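Student:
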Amino acid sequence: MHHKCFFRWMHHVHHQSRNPTPWASFSFAPWEAAVQSGMFPLTAILYPIQPLAFGVFMRWQILNKGLGHTGCEFYSKQ
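So, in structure tokens, the structure goes:
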């Protein structure tokens with residue numbers, strides 16, 4: 009979403025959140041929401057996956073995105 013082709017068209021709404029909070033991870037334009045939410049059902053159709061594994065993956069995604077928008081660096085580059 010940070011590619012120049014997508015950023016102005018979809019993702020710029022997300023970056024209007026000046027003070028990042030975990031709720032900012034859910035701040036996006038309608039087109040971006042459609043793309044992001046459409047990826048998971050498409051993946052589940054193309055690749056067989058157990059419902060429990062899918063649920064664990066989705067919970068990890070939500071937690072990871074929330075942590076990434078707290079304003080703290082949890083995964084240091086060092």
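Numbers given in my numbering equal positions in the sequence shown, counted from 1, plus 8. Ideal Cβ placement from N, Cα and C applies to all residues, glycine included. Owing to the predicted nature of the structure, the values given are computational and were not obtained by experimental measurement.
So for Q69, helix, strand or coil by DSSP?
Tutor: For this step, residue 69 is matched to residue 61 along the sequence shown. Correct three-state label for Q69: helix.
Student: Would you decide whether F65 is buried or exposed? Buried here means 16 or more other CB atoms lie within 10 Å of its CB.
Tutor: As a position in the sequence shown, residue 65 is number 57, starting the count at 1. When all chains shown are included, F65 counts as exposed.
Student: Let me know the secondary structure DSSP gives Q58 once reduced to three states.
Tutor: Walking along the sequence shown from the start, residue 58 turns up at place 50. In this structure, Q58 counts as coil in the three-state DSSP scheme.
Student: Using the beta-carbon count (16 or more within 10 Å), is G36 buried or exposed?
Tutor: Walking along the sequence shown from the start, residue 36 turns up at place 28. Here residue 36 is Phe; the residue named in the question, Gly, does not match the sequence. With 16 or more Cβ atoms within 10 Å of its Cβ, F36 is classed as buried.
Student: Where E40 and G63 are concerned, what is the direct C-alpha to C-alpha distance, given to the nearest angstrom?
Tutor: As a position in the sequence shown, residue 40 is number 32, starting the count at 1. As a position in the sequence shown, residue 63 is number 55, starting the count at 1. Cα-Cα distance, rounded: 22 angstroms.
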